[in-house]
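Going by my numbering, the sequence shown opens with residue 7, and the numbers climb by one from there. We put the beta carbon where it would ideally sit given N, CA and C, even for glycine.
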Amino acid sequence: MFIRALLGCFAISVAVVGAQSVKQSPLPQFNDVTTTSGIHFKHTSGAFGKKYLPETLGAGVAFLDADGDGWQDILFVNGHHWPGQPGSPSYPALYHNNGNGTFADITRASGLAVEMYGMGVSVGDFDNDGDSDVYITALGPNHLFRNNGGGKFEDITSRAGVGDPGFSTSAVWFDYDRDGKLDLFVGNYVEWSVEKDLFCTLNGKTKSYCTPESYQGQSPTLYHNLGDGTFENVTRKAGVFDASAKTLGLALIDYDNDGFIDVFAANDTQPNRLYRNKGDGTFADVGVLAGIAFNEAGVARAGMGADAADYDASGRQSLIIGNFSNEMMALYSNEGNGLFIDEAPTSTIGKASLLRLTFSCFFFDFDLDGLPDIFAANGHVADDISSVQPTITYAQPPHLFHNLGNKKFDDVSTRVGASFSKPAVARGAAYGDYDNDGDLDLVVVANNGSARLFRNDGGVNHKLRVTLVGSTSNRDAIGAKVRVTRVSGVPVSVMVKTGSSYLSQSERPVTIGLGAATKVGGIEIVWPTGKTERLPGVAGDQSITIVEGKGVVKTVPLGPKS
C-alpha cells in the first residue's frame, strides 16, 4: 500500500440591477504570461535524496499591494538547501507590479531577503497604519515583517513575539474578539527536524517519505494582538490547544452567521477541526458535530488546502477541501442547522478529483457571473507514484469547476486555454487582478519548480471591485461576507478573508461579478463592529473605495481587457 504521506467581520450587500445569467457566453481563457511578465521564480525544496518530510509540502504565494500604489504585487515563499548541501542562498521573492503587465524582482531592496525554510504566507495590516504587513511561516521560526511604507519591510518577529518555533504551515489574520486589531492564527504540522527524521521504506531498502502518522502532531497557535506591536500567545486560554493536530490548510468562516469569525483547519490524517468562535474570546471544536471531521465512512482524510464561500446562494458559507489521491475533494454544503453534507461524491467535483492530489483550492468567480467557481491546484508528493499506481501521475493538471447554479458544476479545465491544463507538481495558488481590468487572474507555485502566472482574458460580464477601509473596525476590514442580490432576489455571499487556498493568500479587494448588469442598485455594509452603512447604487466596471463612516471616497474606472 502506497504512502498517504505529506501531505475575517463585516458584510456588503449589493443590489444588482437587471442582472441575468450569461452561462452560454464563451468562457474566459487563462493564458500563461509568466515569461512576458518578467516573473522567473523557481521554488527550492532542497531535496537531495534523503527524503526529508518538508520537501514535498511547499510553498505558498500571495497577491498584495506592498507599496500602496493600487497594483497587486506578488510574494513567493521559498525553501532552502539543507545544511551541508551545495547551492546558493534562496529567499522569498517579492515582485513589484510595474503597472504595464510586467513585474520587477525587488526582494533585496524590500528587506525580505531573509533565508528560511519557508512554507506559507498571510498578509494583514496588524498595526492599522495603512500598509500591508507580511507573516511568513516556516520550519521554525516564523517571521513577521512590518511594512514601513513604500514596500520596505522590517523583521520584527522577536519584538512582536510571534516566532512560533514549530513546523508551521498556513496562517490567517483575523479579528476574533472584534476589538479592531488583527490577531493571528497559525497552523502547525508535525514534530519533525533533521535530527528526528525517521527512516521509512516501502521495499525494505530504499528510503521513502514517511507518512504523517510516523510523527507526533503539533498544536496550532493563536496570538492575540495587544495593540502595542506585541502579541500574547493565548492558545490554551482560548481553547484551541490540540497536540494531535497536523494542520496544513486554514479557512476563515462564519458558518453559523453569528458575526464572530470561526476557523476551519484541514488536518492531514487527523480529524479536521471547526473552531467555533464563542464570542467571549474562546473557541470550541465542533468539527465532529458539524460532520466535517471525517469522510462518509468515518475515516480522517489527508486534508491540504481549504476555502469557504456561499457557493449555492443559500446565505450560508460552505467548505471546499483538497485531499489526497483516491480520496477526492470535499464540498461540504452548509445546511444551516449546524451540519454540513459532503456533496462531492455525487457531483462532478468528486469524480474529476478522485485520482488527483489537491493542495490549493478556493472559490472565485472567474467568469464574473455572480456565482463562485472552484479552482484546484494538483500534484502528487512522490515522483515515482506512477510505478506504484499507474493511474496516478506526479505532475497533474489543475481543475476549474464552473458553477452552474443549483449546486451543479461543470469541469471546464480543458476549455479555458491550452496552457492552463499543463500538468505541474502544484502547491500554493492565489487569485488577484494584477492588470486592473476587473477580472481575476491566477498564480500557481510548483514544488521545486517554476511559478506560473495566468492572465484571465476574454470575459464579457460586468463587475464591481470594492476596497473597504475600517476606522473603528480593523483597517483592512478583514473577515467579510459579501452578499450579492441578483435579479431573482437570491443573495450570493463570499467571504473577504486572509489565508485560505493552501499556504497562500489571494488579494484583499472584493470583486463582485454582475453578469449582464451594468450597475448595482445599492450597497449595504455591516462592519465588524456591527454598524451598518447603506449607500446608493453605483455603476459597474469600476473600482470603488469605501471608508467606514464616510461612504465612497474614491472611484476608478477599470481598465480595458488585456
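With residue i as the anchor, note down where its beta strand (DSSP E) starts and where it stops.
i    : result
G521 : 516–521
S324 : 324–327
S176 : 174–180
I347 : 346–348
A272 : 268–273
F415 : 414–417
S128 : 124–130
A244 : It is not in any beta strand (DSSP E) - A244 carries neither H nor E in the DSSP assignment.
L228 : 227–231
E539 : 538–542
F82  : 79–82
E4   : Because the chain is modelled from 7 through 568, residue 4 falls outside the range shown and cannot be assessed.
G528 : 525–532
T143 : 139–144
C338 : At residue 338 the sequence reads Tyr, which differs from the Cys that was named. Note, Y338: beta strand (DSSP E), 336–340.
Residues bridged to residue i by DSSP?
i    : result
N103 : F109
N442 : Its beta-bridge partners do not exist; DSSP assigns none.
A383 : Per DSSP, none; premise fails for A383.
I550 : V472, T561
E238 : H230
T364 : N384
L190 : W179, Y229
G255 : A272
V449 : A436, L459
E160 : R152
G223 : V196
To the nearest angstrom, how far is the alpha carbon of residue i from that of residue j?
i    : j    : result
T561 : S549 : 6 Å
Y1   : A68  : Residue numbering for the chain in the displayed model covers 7 to 568; residue 1 lies beyond these limits and cannot be assessed.
P95  : H86  : 7 Å
A119 : P98  : 6 Å
T143 : D443 : 32 Å
T551 : I259 : 24 Å
A336 : A271 : 13 Å
A358 : N340 : 22 Å
G293 : A435 : 26 Å
A452 : P429 : 10 Å
L4   : N194 : This structure gives no information on residue 4, because the portion of the chain shown stretches from 7 to 568.
V558 : W533 : 14 Å
L377 : G411 : 7 Å
L190 : L459 : 28 Å
G90  : Y215 : 20 Å
G311 : K503 : 15 Å
H408 : D416 : 5 Å
D371 : G385 : 23 Å
S138 : L63  : 26 Å
E201 : N84  : 22 Å
T42  : T108 : 7 Å
S27  : D389 : Note that S27 has pLDDT 41, beneath the 50 cutoff, so the model's placement of it is unreliable and the number below is only indicative. Going by the C-alpha atoms only, they are around 43 Å apart.
V196 : Q224 : 5 Å
S506 : E219 : 24 Å
S184 : S479 : The amino acid at residue 184 is misidentified as Ser; the sequence shows Arg. Straight-line Cα distance between these residues: approximately 8 Å.
S366 : L509 : 8 Å
G465 : Y221 : 47 Å
Can you tell me where the alpha helix (DSSP H) holding residue i begins and where it ends?
i    : result
S43  : 40–43
Q293 : The identity of residue 293 in the sequence shown is Gly, whereas the question assumes Gln. Where G293 is concerned, the enclosing alpha helix (DSSP H) stretches over 293–296.
G356 : 354–359
I391 : 391–394
T163 : 163–166
Quick check on the burial criterion: 16 or more other C-beta atoms within 10 angstroms. Buried or exposed for residue i?
i    : result
K187 : buried
E2   : A query on residue 2 cannot be resolved here, the shown segment of the chain reaching from 7 to 568 and no further.
P563 : exposed
Q402 : buried
F205 : exposed
K487 : buried
S51  : buried
N283 : buried
R242 : exposed
Q78  : buried
T473 : buried
E554 : buried
S176 : buried
V305 : exposed
V431 : buried
L100 : buried
T207 : exposed
G66  : buried
Any heavy atom of the ligand GDP closer than 7 Å to the beta-carbon of residue i?
i   : result
G93 : As presented, the structure is devoid of all ligands, the ligand GDP included, so that no description of it is given.
At a Cβ threshold of 8 Å, is residue i touching chain D?
i    : result
K213 : The structure shown has no chain D; it contains just one protein chain.
Item to check | Whole runs of the beta strand (DSSP E) within the region 278–318, excluding any shorter than 3 residues | outcome: 279–283, 289–291, 312–315
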